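So the number in our numbering is just where the residue sits in the first sequence, counting from 1, plus 4. For every residue, glycine included, the Cβ atom is placed at its ideal position computed from N, Cα and C. Treat the numbers as computed from the prediction; the structure is a model and nothing was measured.
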Amino acid sequence: MPLHRKFYNRPTLTVARDLLGKRLIRQIDGAERSGIIVETEAYIGIKDSACHAHRGKTLRNAVMFGPPGHAYVYFTYGLHYLLNLVTEEEGQPAAVLIRAIEPFTGLDEMRALRRRHGKELTNGPAKLCQALSINKDFNGWDLTQGIHLWVEDFQAVQSKSILSTPRIGIGYAQKLDREALWRFLIHS
DNA sequence: CTCTCGATGTTCT
DNA sequence: GAACATCGAGAGG
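Listed below in structure tokens is the structure:
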């Protein structure tokens, strides 16, 4: 069962923490590839200078302004797709970036697509998109339908085992936003 | 292992 | 024209 829209319609930091331990699933022609979410980052609204919504609504970031429970997928560095899950009520632009998953099913297909193995399959935001064949066609995709791409409950993660740090790759943001502890990982 | 650097195309100034 | 929520190859230790 896919997570309900109510799961996403909450404060982004709460959703980012709660997504740890959930299972991200990609189904294509009956074949399933999935992984357990182990690293996330929160991007919260127009006041967050690291968030794409900081400079207002554009064609690229419009999905973040829409209802929660949809995918915000964008293309960057001329090479890579990144997957975000839209949070908070419609009109509040915010999302959680999925930075890493632990491969769970469909490993053979992931290895073939990535031309890598082991940790290198899905330990980065662009790597997991490649392993799960997520591209810009999924921008705006409704994750609550339970088809093609969705998230399911899997295992509870104790707050004790969650580590938080500053976000990665946002050197362009203001100091306060650069230092915010809005990256969450499962402490191995 | 660490560090540096180039790739590549869309978006925004 | 610059910047970019990254990755992987290659060089060096």
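Can you give me the Cβ contacts of residue i inside the same chain, cut-off strictly under 7 Å, excluding the 5 residues immediately before and after it?
i      : result
THR169 : LEU185, ARG187
SER165 : ILE190, HIS191
HIS58  : ILE50, ASP52
GLN95  : In the sequence as presented, Gln is not what sits at residue 95; that position holds Gly. Closer than 7 Å at Cβ, skipping near neighbours: PHE69.
PHE79  : TYR85, LYS140
ILE48  : THR16, CYS55, ALA98
Please report the Cβ distance between residue i and residue j, rounded to the nearest whole angstrom; I am assuming they are in contact, meaning their Cβ atoms lie under 8 Å.
i      : j      : result
ASN139 : VAL67  : With 8 Å as the limit, ASN139 and VAL67 do not qualify as a contact, their Cβ atoms being about 14 Å apart.
LEU167 : HIS152 : Their Cβ separation, rounded to whole angstroms, is 31 Å, which puts LEU167 and HIS152 out of contact at 8 Å.
ALA46  : LEU17  : 5 Å
LEU198 : VAL100 : Because the chain here runs from 5 to 192, residue 198 falls outside it and cannot be looked at.
ILE172 : ARG182 : No, ILE172 and ARG182 are not in contact; Cβ-Cβ is about 11 Å, not under 8 Å.
THR91  : VAL19  : 5 Å
ILE32  : SER163 : Actually they are not in contact, since the Cβ atoms of ILE32 and SER163 sit about 35 Å apart, beyond 8 Å.
Just to confirm my understanding: we take residue i, look at its own chain, exclude 5 residues before and 5 after, and list those with CB closer than 6 Å. What are they?
i      : result
THR177 : The identity of residue 177 in the sequence shown is Ala, whereas the question assumes Thr. SER53, ALA54.
GLN159 : GLY25
ALA104 : VAL42, GLU43, ASN127
ASN65  : HIS56, ALA57
LEU125 : PRO107, MET114, ARG118, ALA135
TRP154 : PRO6, ILE29, LEU147
GLN149 : none
Between which two residues does the beta strand (DSSP E) holding residue i run?
i      : result
ALA104 : 98 to 109
TYR12  : That residue, TYR12, is in no beta strand (DSSP E); its alpha helix (DSSP H) goes 9 to 12.
HIS84  : 84 to 90
LEU63  : Here LEU63 belongs to no beta strand (DSSP E), and DSSP marks it neither H nor E.
ARG187 : 187 to 190
TYR76  : 75 to 80
At which residues does the alpha helix (DSSP H) containing residue i begin and terminate?
i      : result
GLU183 : 179 to 183
Please work out which residues of its chain come closer than 8 Å, Cβ to Cβ, to residue i, disregarding the five sequence neighbours upstream and downstream, and give them in chain order.
i      : result
GLU156 : MET5, PRO6, LEU7, LYS26, ARG27, ILE29
Counting pairs of Cβ atoms below 8 Å between the region 91 to 108 and the region 29 to 41, do you hit three or more?
yes
Inter-stretch contact at 8 Å, needing at least 3 Cβ pairs: the region 60 to 77 / the region 7 to 22
yes
What are the uninterrupted segments assigned as beta strand (DSSP E) that are 3 or more residues long and contained completely in the region 17 to 55, given in chain order?
27 to 32, 35 to 48
Does the region 81 to 90 come into contact with the region 120 to 132, if we say contact requires no fewer than three beta-carbon pairs (one atom in each stretch) closer than 8 Å?
yes
Which runs of the beta strand (DSSP E) fall wholly inside the region 102 to 166 and span at least 3 residues, in chain order?
153 to 156
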